[in-house]
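The listed protein sequences correspond, in order, to chains G and L. Quick note: the first sequence uses our numbering, first residue 1, plus one each step. Quick note: the second sequence uses our numbering, first residue 373, plus one each step. Have a look at the structure below before the remarks.
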Amino acid sequence: MPVDPNIVNPTLGPFRKMLAEVQGKGLRGPDVDRMAEVLGRMEALAQQMGDVTAYMGQLTQENSFQQFSDAYSRVLAGAARAAAKDMSDEELLEQTLGAYEQALRTHRSGQAGDAAVRTIATLERILELGRSGVSYPVFLRQLEEQGLSRALAGSAGATRDALHEDLAFAKESWLPVRVEQAERILAAYDELVAKAPFAQPDPLAFELARKRIEWELEPMHRRWTAVVDRWSYVLDLLVDWLDAHTSFAPGDERWRSPGASPAQVQHNIRRTKECTPGDVGYRLAILQEYFQLGFDDIFTHETFRTEYTARRVHWSDARLALIRETLPHCALGGVAPAELVARAERLHPHGDVRSDRGQAPPWGTALEGPFD
Amino acid sequence: MDQRHQEYVAYYEARLRNVAGNPLYPHTEAAVRALYEALRSAPNLEAFREQLEQEKLEVACAVARVRDQASARAALYDELEEPVRAGPEKAVLALLESRAFTDVQSLTEAVGAIEGEWRQRIAADETLIEEFWGDWKILEDIEESEQAVVPHAWHPERLESVAKERRTGAEHYQQQTLPETRKFFPEYQPDYQGLWEVRHRRKMPLADPIVQRRIACHRRYRGID
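Written out as structure tokens, the structure is:
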């Protein structure tokens with residue numbers, strides 16, 4: 001059975017279009033033949049293979065996309081060379097501006113992606129310059145001196161506006177390591193602008209600076225996420241253990257899976273009551289071993305206070321207080337005190353979670369915690 | 373020198389200023405300077421165009437830029453102890469040492485082929501660390517079921533869940549993860565020892581004994597040991 005056309009058509013569509021475009025222009029030769037040959041192979045494989053991953057893997061191994069693109073580039077470059085050979089400067093300028101106008105139309109349509117959209121202002125400035133009556137070499141010089149050629153070369157998200165957007169997004173996400181990363185990348189960009197002869201940072205220097213910053217901060221980001229994941233789980237376990245003692249437990253989906261018999265529900269509740277103390281002990285040991293954090297340290301830790309301030313600790317303050325008071329009782333053979341159970345029942349379900357969860361305040365709001 | 377000639381000189385001077393004195397571009401600066409000097413000393417634009425074509429001065433600029441870029445990236449990756457990511461850059465430098473280019477298209481294609489080949493090698497190199505780190509929570513669940521102190525009555529049920537988890541993990545690895553990965557990298561073999569190399573080790577920001585233990589757990593989870 002052939003590979004699903006819903007996968008094949010979007011994959012091969014652009015290549016079919018490129019070949020049709022080249023043939024439509026009447027271009028001929030070994031490079032056009034090569035394009036047809038590579039595309040034919042990709043089409044044939046799609047018919048022969050049923051597994052989409054195997055198909056994509058085969059195309060990758062055969063380097064089909066690159067081979068097609070190389071041949072396509074050769075065709076276009078050959079056509080451009082032939083056309084430009086006897087062109088005057090005026091014709092070259094006109095041809096260049098025509099290409100930029102075509103790019104602008106594509107970028108404005110949004111079909112070329114977000115990075116392309118960000119180049120619209122640069123393309124507009126280039127076209128304005130080209131249409132101002134200057135000669136071709138003056139146009140080329142001004143592209144250099146106004147940093148426009150570099151602005152296009154570094155267009156993959158490297159404009160200052162894009163970097164500001166990255167920073168704003170990191171702040172909205174309340175991820176301190178990501179904020180630091182975005183701030184440092186922006187600072188690196190500004191530093192390179194200050195050093196650049198035409199106020200556009202060198203794309204290679206910026207690429208290297210960005211790679212270094214991302215490399216340096218990756219372990220910190222991984223560690224931050226790992227800490228949050230681990231203490232979140234401890235809190236959830238303690239909630240489950242106390243709730244397993246409540247009157248609403250038998251109807252709660254944590255213990256009543258679809259189609260479960262009353263006996264199975266009781267078995268599940270008993271498992272939580274009897275095993276969770278050991279599980280909490282194991283998870284607290286992990287927290288200590290990995291990050292040298294004890295249970296009480298969770299609530300003062302930077303990760304917790306950040307998550308809490310960002311309204312991502314979804315438990316309410318009352319529930320968090322209850323979680324803290326639950327821990328001393330959550331021991332092997334232990335039973336939840338009636339007073340705590342009654343409080344859990346009063347909170348459930350709406351008082352369990354904070355009403356403003358997910359509604360992060362502006363970045364920079366002072367960090368807070370439930371027990372400040 | 374007529375006005376158009378002067379305008380072209382000013383353009384190539386601007387190109388030169390973009391790289392002059394920049395330590396990232398020693399070869400590019402030399403190549404662009406050669407182009408600029410050729411234009412400045414040419415009696416007219418027609419003579420310059422002939423020299424440009426004969427001496428392939430634009431190709432020399434392109435080769436120099438590729439060389440400078442690859443050198444800078446290779447130096448960064450060496451400093452960061454990322455030898456696999458440095459691989460394509462060093463391969464490009466070796467290519468430029470061994471082959472003379474007379475047109476930009478051939479240069480672009482040769483560099484593109486190297487980058488394509490190394491993209492796969494880099495992806496293969498990073499496959500295990502990403503899968504391994506992604507599986508840590510499952511490994512902790514297994515360890516919890518085995519080691520947490522719970523009443524004896526629950527041991528059979530918990531051990532059964534561990535056995536089931538490991539069975540699923542091994543099946544998934546043998547029947548899906550490994551075959552799927554090999555569709556892209558036919559020679560792929562997970563290299564657990566390689567996880568201790570700086571480029572992978574730094575992605576697990578925890579103490580060595582913990583990583584050691586998790587590696588053993590992961591091998592068992594996948595049914596390798």
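Glycine residues also receive a C-beta, built at the ideal position from the N, C-alpha and C atoms.
What whole-angstrom Cβ distance do LEU238 of chain G and LEU327 of chain G have, given they're in contact under 8 Å?
-> Walking along the first sequence from the start, residue 238 of chain G turns up at place 238. Walking along the first sequence from the start, residue 327 of chain G turns up at place 327. Contact holds; Cβ gap of about 6 Å.
Cβ-based neighbour list, ALA434 of chain L, same chain, cut-off 7 Å, excluding 5 preceding and 5 following = The count along the second sequence starts at 1 and reaches residue 434 of chain L at position 62. Only VAL476, LEU479 meet the Cβ criterion.
According to DSSP, is TRP174 of chain G helix, strand or coil?
-> By one-based count along the first sequence, residue 174 of chain G stands at place 174. Coil.
Where VAL353 of chain G sits in the DSSP three-state scheme | Here residue 353 of chain G refers to the residue found at position 353 when the first sequence is read from its first residue. Three-state DSSP puts VAL353 of chain G in a strand.
By the criterion of Cβ-Cβ separation under 8 Å, what are the contact partners of ILE582 of chain L in chain G?
-> Along the second sequence, read from residue 1 onward, the residue named residue 582 of chain L stands at position 210. Chain G residues near ILE582 of chain L: GLU289, TYR290.
Could you tell me whether the Cβ atoms of THR400 of chain L and ASP440 of chain L are closer together than 9 Å?
-> Position 28 of the second sequence holds residue 400 of chain L. Position 68 of the second sequence holds residue 440 of chain L. Closer than 9 Å, so yes.
Positions along the segment 118-140 of chain G whose CB lies within less than 7 Å of some CB in chain L | If the cut-off is 7 Å between Cβ atoms, the segment 118-140 of chain G has SER135, PRO137, VAL138, LEU140 near chain L.
For PHE206 of chain G, which of G:VAL193, G:GLU216, G:LEU167 has the nearest alpha-carbon?
-> Taking the first residue of the first sequence as position 1, residue 206 of chain G is located at position 206. If we check each option's Cα against that of PHE206 of chain G, G:VAL193 comes out closest.
Residues of the segment 232-250 of chain G with a CB closer than 8 Å to any CB of chain L: list them in chain order, please.
-> none
Which parts of the segment 29-63 of chain G are runs of the alpha helix (DSSP H), unbroken and 4 residues or longer, counting only runs that do not cross its ends?
-> 30-48, 52-61
What three-state label does DSSP hand ALA588 of chain L in the structure shown?
-> One-based indexing of the second sequence puts residue 588 of chain L at position 216. Three-state DSSP puts ALA588 of chain L in a helix.
Report yes if the CB atom of ILE494 of chain L is closer than 9 Å to the CB atom of VAL456 of chain L, and no otherwise.
-> Taking the first residue of the second sequence as position 1, residue 494 of chain L is located at position 122. Taking the first residue of the second sequence as position 1, residue 456 of chain L is located at position 84. Their beta carbons are under 9 Å apart, which means ILE494 of chain L touches VAL456 of chain L by this criterion.
Residue(s) in a DSSP beta bridge with TRP215 of chain G | Locating residue 215 of chain G in the first sequence gives position 215, counting from the first residue. Paired residue(s): none; TRP215 of chain G is not in a bridge.
Exposure label - ASN6 of chain G; buried when at least 16 CB within 10 Å = Here residue 6 of chain G refers to the residue found at position 6 when the first sequence is read from its first residue. ASN6 of chain G comes out exposed.
Based on the DSSP output, what are the partners of TRP315 of chain G in its beta bridges?
-> As a first step, residue 315 of chain G is located in the first sequence; it is residue number 315 there, counting from the start. For TRP315 of chain G, which the question treats as bridged, DSSP gives the partners G:VAL353.
Nearest-angstrom beta carbon gap, PRO528 of chain L and ARG222 of chain G [assumed within contact, 8 Å] | On the first sequence, position 222 is the one that residue 222 of chain G refers to. On the second sequence, position 156 is the one that residue 528 of chain L refers to. Contact doesn't hold; Cβ gap of about 37 Å is too wide.
Can you name, in chain order, every residue of its own chain whose Cβ lies under 8 Å from the Cβ of GLY334 of chain G, other than the five neighbours on each side?
-> Residue mapping note: residue 334 of chain G aligns to position 334 of the first sequence, counting from 1. Cβ within range, chain order: PRO277.
Neighbourhood of GLY157 of chain G by C-beta distance below 6 Å, restricted to the same chain and skipping five residues each side = Taking the first residue of the first sequence as position 1, residue 157 of chain G is located at position 157. Low confidence applies here, because GLY157 of chain G scores a pLDDT of 46, under 50, leaving its location unreliable and the question unanswered by this model.
Please work out which residues of its chain come closer than 7 Å, Cβ to Cβ, to LEU396 of chain L, disregarding the five sequence neighbours upstream and downstream, and give them in chain order.
-> Residue numbering aside, residue 396 of chain L sits at position 24 when the second sequence is read from its first letter. Take LEU396 of chain L, set aside five residues on each side of it, and the residues of its chain with a beta-carbon closer than 7 Å to its own are ASP440, ALA444, in chain order.
Backbone secondary structure at ASN9 of chain G - three-state DSSP | Walking along the first sequence from the start, residue 9 of chain G turns up at place 9. Here ASN9 of chain G sits in helix by DSSP.
Does the beta-carbon of ARG571 of chain L have 16 or more other beta-carbons within 10 angstroms, so that it is buried, or is it exposed?
-> On the second sequence, residue 571 of chain L is found 199 positions in, with the first residue counted as 1. The residue is buried, with at least 16 neighbouring Cβ atoms inside 10 Å.
Closer than 8 Å by beta-carbon distance: list the chain L residues that pair up with ASN63 of chain G, in chain order.
-> One-based indexing of the first sequence puts residue 63 of chain G at position 63. By Cβ distance, chain L contributes ALA485, GLY488, GLU489.
Starting from GLN102 of chain G and walking both ways along the alpha helix (DSSP H), at which residues does that stretch end?
-> As a first step, residue 102 of chain G is located in the first sequence; it is residue number 102 there, counting from the start. 89-109 is the span of the alpha helix (DSSP H), which, as asked, contains GLN102 of chain G.
Assumed close pair SER247 of chain G, GLU345 of chain G - CB separation to whole angstroms, cut-off 8 Å = By 1-based counting over the first sequence, the position of residue 247 of chain G is 247. By 1-based counting over the first sequence, the position of residue 345 of chain G is 345. Between GLU345 of chain G and SER247 of chain G the Cβ distance is about 6 Å, and since that is below 8 Å, they are a contact.
Since VAL138 of chain G is in the alpha helix (DSSP H), which residue starts that stretch and which ends it?
-> As a position in the first sequence, residue 138 of chain G is number 138, starting the count at 1. VAL138 of chain G -> alpha helix (DSSP H) spans 136-145.
Taking only the alpha-carbon atoms, compute the straight-line gap between ASN416 of chain L and SER135 of chain G and give it to the nearest angstrom.
-> On the second sequence, position 44 is the one that residue 416 of chain L refers to. On the first sequence, position 135 is the one that residue 135 of chain G refers to. Straight-line Cα distance between these residues: approximately 17 Å.
Return no unless some Cβ of chain L is closer than 9 Å to the Cβ of CYS275 of chain G.
-> What you label residue 275 of chain G is simply residue 275 of the first sequence in a count that begins at 1. Output row for CYS275 of chain G: interface = yes.
Using only alpha-carbon positions, find the residue among L:ASP563, L:GLU512, L:ARG554 that is nearest to LEU287 of chain G.
-> Along the first sequence, one-based indexing puts residue 287 of chain G at 287. Checking every option, the nearest Cα to that of LEU287 of chain G belongs to L:GLU512.
Who are the near neighbours of ALA406 of chain L in its chain, counting only those whose CB is closer than 8 Å to its CB and skipping five residues on each side?
-> As a working note, residue 406 of chain L is residue 34 in the second sequence. Cβ neighbours of ALA406 of chain L beyond the five flanking positions: LEU429, ALA432.
Answer yes or no: does any C-beta atom of chain L fall closer than 9 Å to that of GLY26 of chain G?
-> Position 26 of the first sequence, counted from the start, is the residue given in the question as residue 26 of chain G. It does not; no Cβ of chain L falls within 9 Å.
Note down the Cα distance separating GLY57 of chain G from VAL38 of chain G, rounded to an integer number of angstroms.
-> What you label residue 57 of chain G is simply residue 57 of the first sequence in a count that begins at 1. What you label residue 38 of chain G is simply residue 38 of the first sequence in a count that begins at 1. Take the alpha-carbon of GLY57 of chain G and the one of VAL38 of chain G: they are about 16 Å apart.
So, is the C-beta of ALA436 of chain L closer than 9 Å to a C-beta in chain G?
-> Within the second sequence, the letter at position 64 stands for residue 436 of chain L. Output row for ALA436 of chain L: interface = no.
Own chain residues within Cβ distance below 7 Å of HIS314 of chain G, not counting five before or after | Working through the first sequence from its first residue, we reach residue 314 of chain G at position 314. Once the five neighbours on either side are set aside, the close Cβ partners of HIS314 of chain G are VAL353, ARG354, ARG357.
Between the beta-carbon of ARG212 of chain G and the beta-carbon of LEU452 of chain L, is there less than 9 Å?
-> Mapped onto the first sequence, residue 212 of chain G falls at position 212. Mapped onto the second sequence, residue 452 of chain L falls at position 80. Closer than 9 Å, so yes.
Compute the distance between the beta-carbons of ALA458 of chain L and ALA446 of chain L, then report whether it is under 9 Å.
-> Within the second sequence, residue 458 of chain L is the residue found at index 86, counting from 1. Within the second sequence, residue 446 of chain L is the residue found at index 74, counting from 1. Against a cut-off of 9 Å, the Cβ pair of ALA446 of chain L and ALA458 of chain L comes out as a contact.
What separation, rounded to the nearest whole angstrom, lies between the Cα atoms of ALA103 of chain G and ASN63 of chain G?
-> In the first sequence, counting from the first residue as 1, residue 103 of chain G sits at position 103. In the first sequence, counting from the first residue as 1, residue 63 of chain G sits at position 63. Rounded to the nearest angstrom, the two C-alpha atoms are 27 Å apart.
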